[in-house]
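There are 2 protein chains.
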Amino acid sequence: MNEERLPTIKEIAKKLNVSVSTVSRALHDHPGIGLRTKMRVQQLARDLNYEPNQSAIFFKQQKTFAIGVVLPNLKEEFFSEAVSGIEEVATLNKYNVLIGQSQDDPEKEKQIITTMKNYRVDGIIVSLGKHTKNYDHFTALKKYNIPVVFFDRVPNLPDFNKVSANMASGTMEAIEFLIGKGHRRIGVINGPEEMKSSRERTKTYQQILTKKRLKIDLSLVVSTDLTRESTHAAMKELLSQKPRPTAILAINVYVALDAMEYARKVKLKINKDICFVSYSHISLTNYLETPPLASVEQYPFQQGAKAATILMDLLQRTPAAGQPEPPETFQNIVINGQLIVHKKK
Amino acid sequence: MNEERLPTIKEIAKKLNVSVSTVSRALHDHPGIGLRTKMRVQQLARDLNYEPNQSAIFFKQQKTFAIGVVLPNLKEEFFSEAVSGIEEVATLNKYNVLIGQSQDDPEKEKQIITTMKNYRVDGIIVSLGKHTKNYDHFTALKKYNIPVVFFDRVPNLPDFNKVSANMASGTMEAIEFLIGKGHRRIGVINGPEEMKSSRERTKTYQQILTKKRLKIDLSLVVSTDLTRESTHAAMKELLSQKPRPTAILAINVYVALDAMEYARKVKLKINKDICFVSYSHISLTNYLETPPLASVEQYPFQQGAKAATILMDLLQRTPAAGQPEPPETFQNIVINGQLIVHKKK
DNA sequence: CTGTTAGCGCGTTCAT
DNA sequence: ATGAACGCGCTAACAG
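Protein sequences, first through last, are from chains A and B. Residue numbers for the first sequence follow this note's numbering, so the first one is 1 and each next one is one higher. Residue numbers for the second sequence follow this note's numbering, so the first one is 1001 and each next one is one higher.
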């Protein structure tokens, strides 16, 4: 196997007895180039299977045409769908996607950011790990002019672009839906207290019940750290309340599944003795014999696509020469979560 | 926000009144460098937060330290797990991972390969789309010295590295398991005929039944194109056989789920009237009230990790100078699929 | 319309 | 022990 090196514009130039810049221009359809030369160059390029060396272009243009995506994991359908959204937009803009999974480990998250920074990615899209409390490594990116867009699990920092789902509307719909079904004691399994969304959920819960003139019992609002064991403990606590809740709103579908598992273990019939509504939605729900009654769709694909679109805009904005640079502004896009009622089986 | 450019060795050199090569050497702990100068350089580099410009290094070394991963989608847990395995190994070797989803579209697959080639990735890992029949774009990569490793869905080409699961042993275990449970009429839902694995499965099926001296009825072996509709049709055909099969072996877990859905629709009780065993395994199986009796684990994480390891070896092999180049050899790693019997609920 | 040249950041000879 | 100079492939400013 001969080490068949890829052709460069220099070789093309030599074979045609023209200069490299002529070749470069011809390949870029530069206006002031003789039609004849242009043809000759393009033909030879095709014959030689010439492909521009991106590496050289990146180097020259000080860009990598790669964006980094950092998220907890790819295993959850929510995130893999988000990546698909990001990939679609990035590809359209000729950008490549570099992936790093933090596995919810703050140290690993930081490490990934560092690697991506050294790699000189042009921008980064992040969904935070659930234990991340320190945001210094993100703030540091500003120094390097690497724009960051957060999605779904976003930090409470004003000067960053963010895309997230508005859980309030979904929560409202969900609770009203359950009340409509006749439920009066509705339990909530929240995520860790650190998550902004948890606190908001509790607030919305209180608002709705107040509006509907139902009694508020905060012992019906419990927390899980998202692990199976913790969720089971949460369920145990909920079910020990008298009278026990007849419906439960779970922070996400995996938590709902764990909760349902616990319910079955203590011989409760799902959707009969106790009903579930969860956030997020995965295609596998369709295969459950007793799926949650409904789930609040958070549109991961759209969130990813939107985050990527914002990033692409940022990257392609050519600062108007001479103009005073406009003050940097940050978007905080909120996609309305929407209740999806599942079909009866 | 000031356009704070990243420091380069040139700037460090100027500030210290030394030459760039001295800085370069100092940073690399080159032996013949004065201890004092070395210290001064390294200190300043730290102070300035100097980070070598990977882009420049890639360009110079004609390497990108990026590997491409092309697979049908990330949505299926099988593939996202495989990516995790790849990512782990790549990261350890200081490589980045570029992802492209073919969505089982041969055209898109080809497009992704082209992009990655132009991007000059150092190597590519591929799991084929289910409709890919033409492998020219992969063979073409040889010209560019971009090594390719296939995993899971591998082509029938001798001169490529491959990692796949050996379905024969798993199939054997699965069928023997069902026979052990007393089943005599066992149906098989195969994938498309194009897939090598489908033909092999049929062969193994016949072998086992012969060995066990059971009657072979090939009308119990049907195909699906993996879509829900097609699987339902396959089930309909199977269930129309007299006597109808009491157990079914499905090519993967999604097909098994679709098949179970159909069974329920025609009022059969899962795990009672009809049992299922499937290939592949996803964590969600644990949440089903009536999961398949067993599944053949294909170890996606390990397959991905192994494929990445092979690729890393290829990339790091420095051809011994002067030595006659050894003839290229190709690995064909086969991981034994293993039957996992699920716990009763 | 086309050629010449500089330079992006770095590692690496070849000198000194 | 250190410096000067080159070149990787490409683009663009400048010069005809």
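Quick reminder that beta carbons are idealized off the backbone N, C-alpha and C, glycines included.
Partner residues on chain B for residue i, Cβ-Cβ distance less than 8 angstroms
i, result
"L288(A)", "Y1287, L1288, E1289"
"L6(A)", "Y1144"
Which residues DSSP lists as bridging residue i, in chain order
i, result
"Y279(A)", "V296(A)"
"S164(A)", "V334(A)"
"F151(A)", "V163(A)"
"N1096(B)", "A1066(B)"
"I113(A)", "According to DSSP, I113(A) bridges with nothing at all."
"I1274(B)", "I1270(B)"
"L1339(B)", "V1296(B)"
"I1124(B)", "G1068(B), V1148(B)"
"Q1101(B)", "L1071(B)"
Within chain A, partners of residue i - CB distance below 8 angstroms
i, result
"Q1101(B)", "S84, E87"
"E1237(B)", "Those do not exist, as E1237(B) stays about 21 angstroms from chain A at its closest Cβ, beyond 8 angstroms."
Chain A contact for residue i (CB, 8 angstroms cutoff)
i, result
"N1252(B)", "no"
"A1056(B)", "yes"
"Y1119(B)", "yes"
"L1257(B)", "yes"
"V1020(B)", "no"
Residue i at chain B interface by Cβ criterion, 8 angstroms
i, result
"P52(A)", "yes"
"E77(A)", "yes"
"F151(A)", "no"
"F59(A)", "yes"
"A13(A)", "no"
Chain A residues whose Cβ lies nearer than 9 angstroms to that of residue i
i, result
"L1098(B)", "A66, N96, V97, L98, I99"
Residues that residue i contacts on chain A, provided the C-beta gap is smaller than 7 angstroms
i, result
"S1080(B)", "L74, K75, S80"
Residue i and residue j closer than 8 angstroms at C-beta
i, j, result
"L1288(B)", "F1177(B)", "no"
"V1221(B)", "T1202(B)", "yes"
"A66(A)", "V149(A)", "no"
"L1098(B)", "G1068(B)", "yes"
"G337(A)", "V277(A)", "no"
"T22(A)", "T37(A)", "yes"
"S1084(B)", "F1301(B)", "yes"
"L1311(B)", "G1034(B)", "no"
"E1077(B)", "I1282(B)", "yes"
"L48(A)", "Y1144(B)", "no"
"I113(A)", "H131(A)", "no"
"L44(A)", "L16(A)", "yes"
"I208(A)", "T246(A)", "no"
"A1165(B)", "I1335(B)", "yes"
"H1342(B)", "L1293(B)", "yes"
"F59(A)", "F1330(B)", "no"
"E88(A)", "A305(A)", "yes"
"M1167(B)", "Y1279(B)", "yes"
"L157(A)", "R184(A)", "no"
"A1307(B)", "V1070(B)", "no"
"P52(A)", "S127(A)", "no"
"V1255(B)", "T1231(B)", "yes"
"S223(A)", "N190(A)", "yes"
Residue i Cβ short of 7 angstroms to the ligand MN heavy atom set
i, result
"L293(A)", "This structure does not include the ligand MN; it has no bound ligands of any sort."
Cross-chain neighbours of residue i in chain B, by beta carbon under 7 angstroms
i, result
"E261(A)", "Y1287"
"Q284(A)", "A quick correction: the sequence has Leu, not Gln, at residue 284(A). Ordered by position in chain B, the residues that pass the 7 angstroms Cβ test against L284(A) are L1284."
Completely contained alpha helix (DSSP H) runs for the stretch 180-261 of chain A, where each covers 4 or more residues: 196-211, 228-239
Please give the ranges of any alpha helix (DSSP H) in the stretch 4-53 of chain A, keeping only runs that are unbroken, at least 4 residues long and fully inside the region. 9-16, 20-27, 35-47
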